[in-house]
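The structure appears below as structure tokens.
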Amino acid sequence: MLVLEYKKFSLKENNEEENIQPNNKINSNIFRNQYNYIPTKDEVKETLENFKKEKSFYFTEHSILELINIENNIIVLNIEGKFFEDINVVFSEVTRYILEKYAGILGVNPYNIKSLNIKSDDS
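Following the UniProt record's numbering, the numbering of the sequence shown begins with 1 at its first residue and continues without gaps.
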């Protein structure tokens, strides 16, 4: 069997940049686990409360660790205040704790939460 492919030929200069379509779709595959499970806000809040109980030696009365939102498979946390350890140690521990619980479904980036301009929906 012989298959011929027909391509339109043009003498005009082909500008490849004009043919590139922007990638505007949200990547729904970011760090998905094998079950494609995304935890709810309540589940993550409960996980953070468990972390605070299990690792209470990190926290002072001036420590803040709270869930801001879950967007596009990324869990956004607010972590600030005074801790008994360096804040980077606490950040890495809570990240590892969440990753172990939810099998790698989140992207983790240390942002200054005030510069993110995230609107929280408390639904």
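We treat Cβ as the ideally placed atom computed from N, Cα and C, and that holds for glycine.
Shown here for S63: same chain residues with a beta carbon closer than 6 Å to its own, the five before and five after excluded, namely G81, F83 in chain order. Rounded to whole angstroms, the Cβ separation of I68 and N78 is 5 Å, and the two are in contact under 8 Å. In this structure, V44 places its C-beta atom within 8 Å of the C-beta atom of I75.
Annotation: the continuous beta strand (DSSP E) that includes K82 extends over 74-83.
DSSP places T60 inside the beta strand (DSSP E), whose first and last residues are 59-71.
Put simply, the backbone Cα of T40 is about 22 Å away from that of S92.
The beta carbon of E85 is closer than 6 Å to those of Y58 in its chain, skipping five residues each way along the sequence.
In chain order, F59, L65 place their CB closer than 8 Å to the CB of K52, counting only its own chain and leaving out the 5 sequence neighbours on each side. Note on V89: under 16 other CB atoms within 10 angstroms of its CB, so exposed under the neighbour-count rule.
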